[in-house]
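Novice:
In the numbering used here, the protein residues as written are 2 to 271.
Laid out in structure tokens, this is it:
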């Protein structure tokens, strides 16, 4: 009897040990946690595409949508050409041509406009200034218009020396000079603007009106920045030009700002 009891006790003890081992194995088996791990991984995988979609879109990523809106005031052909250069990843060339009234330092409207264009359009434009203290006859005779042609511009903003011409070059000759230059720049879109207005001038305003009529007749865009100045016959206008020995020699800081602001709003539409 004692032997039977001992054997039974041993069997029970072994059974308890085996059951305990199996239960412990179940509790510690990593595989029983797999479903939760897979769920977490799936949630993480689901979330990742959302984070991946977030990125900064800049002018380089979408140049057409971010830049062409600035050109809404440009002539139709200029806008079309600009889109073409974007698609070809080539800089659109802009030449600013005229008298030294555009200024040669950073305070002149010419350098300011160049900087504004570079800031707005970045590497998608290449802007060059062609400033001369010449009348239009000299500009043609000395072949300066060829310097502009060699730049191979897509667009030209031309101030055809009309103020320097005043009293020196007949109006018919001035228009012929424009024709000569325009023929050499045939591949570019040509836009014409006057020089700065003068206080209580006599003949000059009539010449500027004739220039505007010529531009319209020839199909050139005429940029009438005079609209951004006070009435040239008013006392308020006097602070917009610089006087030296009684002569009006250049636009003042106010005049330069009026000129620049008009052109900036045209070239970089808001």
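C-beta: ideal position from N, C-alpha, C; glycine also.
Should residue 43 be labelled buried (16 or more other beta-carbon atoms within 10 Å of its own) or exposed?
Specialist: Note that residue 43 scores 33 on pLDDT, short of 50, meaning its location in the model is unreliable; the coordinates nonetheless yield the value given after this. Flag for residue 43 reads exposed.
Novice: Are the C-beta atoms of residue 93 and some chain C residue less than 8 Å apart?
Specialist: Protein chains in the displayed structure number just one, and chain C is not present.
Novice: Rounded to the nearest angstrom, how far is the Cβ of residue 205 from that of residue 199, given a contact under 8 Å?
Specialist: 6 Å
Novice: Would you call the segment 172-187 and the segment 115-135 touching, i.e. three or more CB-CB distances under 8 Å?
Specialist: no
Novice: Taking Cβ to Cβ, would you say residue 132 is nearer than 8 Å to residue 152?
Specialist: no
Novice: Once DSSP output is grouped into helix, strand and coil, what is the label at residue 85?
Specialist: Residue 85 falls in the helix class under three-state DSSP.
Novice: Going straight from the alpha carbon of residue 249 to that of residue 257, what length do you get?
Specialist: 14 Å
Novice: Going along the chain, which unbroken runs of the alpha helix (DSSP H) with 4 or more residues stay wholly within the segment 87-174?
Specialist: 110-122, 137-142, 145-152 and 163-166
Novice: Expressed to the nearest angstrom, what Euclidean distance is found between the alpha-carbon atoms of residue 192 and residue 84?
Specialist: 19 Å
Novice: Pick out whichever of 261, 245, 89 and 175 has its Cα sitting closest to the Cα of residue 225.
Specialist: 261
Novice: Counting only runs that start and end within the segment 185-228, where is the alpha helix (DSSP H) found for 4 or more residues in a row?
Specialist: Counting only runs of 4+ residues, the alpha helix (DSSP H) found wholly inside the segment 185-228 occupies 205-219, in chain order.
Novice: Span of the alpha helix (DSSP H) holding residue 238?
Specialist: If you look at residue 238, you'll find it isn't in any alpha helix (DSSP H); DSSP assigns it neither H nor E.
Novice: Thinking residue 140 and residue 162 are a contact (beta carbons under 8 Å), I'd like their distance in whole angstroms, please.
Specialist: 6 Å
Novice: Beta-carbon separation of residue 157 and residue 98 under 8 Å?
Specialist: yes
Novice: Could you name the residues of the same chain whose beta carbon sits closer than 7 Å to that of residue 169, not counting the 5 residues immediately before and after it, in chain order?
Specialist: 136
Novice: Among the residues of its own chain, which have a CB less than 6 Å from the CB of residue 134, if the five just before and after it don't count?
Specialist: 101
Novice: With C-beta atoms as the reference, is residue 147 less than 8 Å away from residue 185?
Specialist: yes
Novice: Helix or strand or just coil, what does DSSP make of residue 271?
Specialist: coil
Novice: With burial defined as no fewer than 16 other Cβ atoms inside 10 Å of the residue's Cβ, what is the status of residue 72: buried or exposed?
Specialist: Its Cβ being crowded by 16 or more others within 10 Å, residue 72 is buried.
Novice: So residue 252 is in the beta strand (DSSP E); what residue range does that whole segment cover?
Specialist: 248-252
Novice: Under the assumption that residue 231 contacts residue 202 (Cβ atoms under 8 Å), give the Cβ distance between them as a whole number of angstroms.
Specialist: So it is not a contact: roughly 14 Å between Cβ atoms.
Novice: Within 10 Å of its beta-carbon, does residue 235 have 16 or more other beta-carbons around it, so buried, or fewer, so exposed?
Specialist: exposed
Novice: Give me the residue from 194, 78, 217 and 114 with the minimum Cα distance to residue 164.
Specialist: 194
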